[in-house]
Amino acid sequence: MLVVYLLAAAATFSLSHARSEGWNATWTKYQKTKPAGLILVAVNMYVESIDRIDSLEGLIQMTVIFRQEWSDQSLHHHVPTHYVPQYEIVDRHDIWVPDTYFVNEFDSYAHSILEDNSLVRVDSYGKILYSRKISLTLRCPMELSGFPFDTQVCKLRIGSFSHIRDSIDYRWNSTQAVEVNQDIPIPEFELREHETNQCHARTPTGEYSCIQVEFTLKRLWRHYLLKVFVPLTMLVVLAWLSFWLRQSSVRITILMFVLSLAVIGVGSLNNTLPHTNYAKMIDVYSGVALSFIFAAIVEFVIVSRRVPDDLEKDDIEDKIDVTARVVYPLCFVGFLLVYSLSALLR
C-alpha cells in the first residue's frame, strides 16, 4: 500500500510539474496586448439583486456577477493529462481584458471589500474567463401615464468603449445568458421576464457591437389601494352622506372638512410621485375624486339660495337633494367601473 501511495504521489507531482512548466513557458512570453484579429466576447451574468427602482429619477440599481469569455491563442499551453486541472488563475491587472462598459450607466462600482471580487481564469486552450461583482445604477426612462398600474422595461446595455465591431464583437452566452436571483424581492415591482438581444450602434467613427438585456417590471399597486384610492373614496362617500343632513351649518362644515382633507392628501401625494407633463392614472382618480367633493359643495350652494317662499324653497331643496342622493353615487360608481377596467387592461 505504501509503495502504491508513493507511486501515485510521484506521478501526480510529475504531472503537476509538467503542467506548471508548460504554463510558465507560455506566461513568460505573454504580452499584455489585444490579440490580433476579431475578438468574440461571450457574456453572461447573474443578477444577485435588483436593489432599487427610482421612478422619480428614472434609475434602476442592481448588483450583478458579470462574466466575459474570449480566446487568446498566445496563452495556449500544453497540459499532459485531463486529470490535472486545466486552468490557471491570474491577476486581472496582468492580462489584457476588453474595454467593456455599460452604455446606459449612471453610476457603478466594483466590489472590493476585504479582497477584490474578481476572477481571471485561463484554460489550456487559451480561453479566458473574467468574472467580476459590480453594483450598477442604470438610466431607465419611464412612461408613467399608467402609474401605478404601469409596466416598465429597463435595459442593461453592454459594449466596447473604443473598439469597433470588426475588432471586438459581443455575444450573449448561448448556454445561459442571464440568470436572476428570484429569492430577493424587488421593492415595489415584480419582474415578469427578461430578454436578451442586440443593440449595435452605427456612428461616424464606425459600427460598435452592443448587446442588451431587457427587464420587464410590473409595478405592484396594491399598497396604493390603501394609501390613495380607499381614503379618497371614503371622502367622496362622506361628501355624499352630507345630502341627508338638513342643518346647513353642520353640512357645510363637513363638506369643507372633507375638501380640506382631500386637497391636503392629494398635495402630499403629489410631492412623493414622479412629476410628468402628462396626466397619470393616479392623477385622474384624485382629480375626479376632488371634482365629486367640489360638486357636493356646489349642490349645497344651489339648495341654499334664497327663495321668497319658504315652502317653495323646501320643495326645491328636497328635489335637488333627492336627485343628488341617487345621481351622485351612480356617477361615481360608473367612473369606478370605467377606471377599474382601464387599469385591468394595462
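Quick note on numbering: the sequence shown equals residues -18 to -1, 1 to 328 in mature numbering (1 follows the signal peptide of the UniProt record, and there is no 0).
Note that the Cβ used here is the ideal one computed from N, Cα and C, for glycine as well.
Computed from a prediction, not measured in an experiment: that's the story for all the values here.
Query, Result
"So, at 6 Å on beta carbons, what are the nonlocal neighbours of F48 in its own chain, with the 5 sequence-adjacent residues on each side left out?", "M27, R114 and I116"
"Put C313 into one of helix, strand or coil per three-state DSSP.", "helix"
"Please classify C136 as buried or exposed, where buried requires at least 16 neighbouring CB atoms within 10 angstroms.", "buried"
"Over the uninterrupted alpha helix (DSSP H) stretch that includes D222, give me the two end residues.", "In the sequence as displayed, the identity of residue 222 is Trp instead of Asp. V212 to L223 is the extent of the alpha helix (DSSP H) around W222."
"If distances are taken between C-alpha atoms only, which option among I264, I302 and L199 comes closest to residue 329?", "Nothing about residue 329 can be read from this structure; the chain reaches only from -18 to 328."
"Could you compute how far the alpha carbon of W52 sits from the alpha carbon of D33?", "30 Å"
"Quick one: Cα of Y267 to Cα of A261, how far?", "10 Å"
"So I193 packs on Y152, CB below 8 Å; how close in whole Å?", "5 Å"
"Quick one, which of Y83, R328 and T8 has its alpha-carbon nearest V23's?", "Y83"
"Would you call the stretch 213 to 221 in contact with the stretch 166 to 185, where contact means no fewer than 3 C-beta pairs closer than 8 Å?", "no"
"Kindly list the residues whose CB is nearer than 6 Å to the CB of G40, restricted to its own chain and excluding five residues on each side of it in sequence; keep chain order.", "C122, P123 and M124"
"Could you tell me which residues DSSP pairs with A261 in its beta bridges?", "According to DSSP, which records beta bridges pairwise, A261 is partnered with nothing at all."
"Alpha carbon to alpha carbon, how far is A(-10) from S149?", "Reliability of the predicted coordinates at A(-10) is poor, the pLDDT of 44 falling under 50, and the value obtained from them is presented with this limitation in mind. Approximately 46 Å between the Cα atoms of the pair."
"M44 and S31 - do their beta-carbons sit closer together than 8 Å?", "yes"
"Along the alpha helix (DSSP H) that carries N253, what are the first and last residues, could you check?", "S230 to T254"
"By Cβ distance, which residues of its chain are closer than 7 Å to I284, with the 5 residues on each side in sequence left out?", "I302"
"Could you give the first and the last residue of the continuous beta strand (DSSP E) run that contains residue 353?", "There is simply no residue 353 to check, as the chain begins at -18 and stops at 328 in what is shown."
"In angstroms with no decimal places, state the Cα-to-Cα distance between E92 and R174.", "Inspection of the sequence shows that residue 92 is occupied by Ala rather than by Glu. Distance between the alpha carbons of A92 and R174: 27 Å."
"Using only the alpha-carbon positions, how far apart do I71 and I77 sit?", "11 Å"
"What are the start and end residues of the beta strand (DSSP E) that includes E87?", "E87 to A92"
"What whole-angstrom Cβ distance do F274 and F314 have, given they're in contact under 8 Å?", "6 Å"
"Return the Cβ separation of V25 and E161 in integer angstroms, given the expectation that the two are a contact with Cβ distance under 8 Å.", "13 Å between Cβ atoms; not a contact."
"Would DSSP call L318 helix, strand or coil?", "helix"
"With 16 as the cutoff for other CB atoms within 10 Å, does S286 come out buried or exposed?", "exposed"
"Closest to P213 by CA distance: which of P167, V248, S142 and P186 is it?", "V248"
"Do you know offhand how far K11's Cα is from G141's?", "30 Å"
"If I measure Cβ to Cβ from K14 and keep anything under 6 Å in the same chain, skipping five residues before and after, which residues do I get?", "W78"
"Leaving out five residues before and five after A159 in sequence, what residues of the same chain have Cβ atoms less than 6 Å from its Cβ?", "N26 and T178"
"Enumerate in chain order the residues of its own chain whose CB-to-CB distance from G108 is below 6 Å, with the five nearest sequence positions on each side excluded.", "S53, D54, Q55, L57 and H58"
"On the three-state DSSP scale, how would you describe S324?", "helix"
"Alpha carbon to alpha carbon, how far is L(-4) from Q68?", "Bear in mind that a pLDDT of 42 at L(-4), under 50, signals an unreliable position, so the number given afterwards is only what the model happens to contain. Looking at the two C-alpha atoms, the distance is approximately 12 Å."
"Out of I279, P256 and W5, which one is the CA nearest neighbour of I234?", "I279"
"Tell me the DSSP secondary structure of D303 in three-state form.", "helix"
"Pick helix, strand or coil for T45, following the three-state DSSP scheme.", "strand"
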